[in-house]
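Q: One gets this note's numbering by counting positions in the sequence shown from 1 and adding 39 to each.
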Amino acid sequence: MHTSVGHGLRQLPGPNGERFAALMAHGSMRTELYAPRGQDPQQPHAQDELYFVQSGQGEFVQGDTRHRFQAGDAFFVPAGQVHRFEHFSDDFVTWVVFWGPPGGERE
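1. Could you please give me the residues that DSSP links to arginine 105 through a beta bridge?
2. Less than 9 Å separating the beta-carbons of glutamine 86 and glycine 139?
3. Pick helix, strand or coil for histidine 46, following the three-state DSSP scheme.
4. Suppose you measure from the CA of arginine 105 to the CA of histidine 41; what does that come to, to the nearest Å?
5. Return helix, strand or coil for histidine 84, following the three-state DSSP convention.
Now the structure itself:
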């Protein structure tokens, strides 16, 4: 399997204004490109997830913790945890990888 940022960006926004593009899937794993504009409306997800920031900068809120981010940063979010991107630049784009069973993997 192979995909690219360019392939994902050509799919955005989606037909209903979606700011994410589903690009790869295998078993429980899904890879998306996410490029919110203005605000990040996402809710907690059923699976564990990884974010790999492709471009832009801003703040990532994870539970009660706030992190500054820039291109090249990565975040792990366990299934069900409240999180969102805030105060992000107009060029913000991140890869998202979801995997594992609903409720997340346990150690």
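For each residue, glycine too, the CB sits at the ideal point set by N, CA and C.
A: Looking at the coordinates:
1. As a first step, residue 105 must be located in the sequence shown, where it is residue number 66. Bridge partners of arginine 105: Val100.
2. Residue mapping note: residue 86 aligns to position 47 of the sequence shown, counting from 1. Residue mapping note: residue 139 aligns to position 100 of the sequence shown, counting from 1. Their beta carbons are under 9 Å apart, which means glutamine 86 touches glycine 139 by this criterion.
3. Within the sequence shown, residue 46 is the residue found at index 7, counting from 1. Of the three classes helix, strand and coil, the one that applies to histidine 46 here is helix, per DSSP.
4. Here the question's residue 105 lines up with position 66 in the sequence shown. Here the question's residue 41 lines up with position 2 in the sequence shown. The C-alpha of arginine 105 lies about 33 Å from the C-alpha of histidine 41.
5. Counting from one through the sequence shown, the residue named residue 84 turns up at place 45. Secondary structure of histidine 84 (DSSP, three-state): coil.
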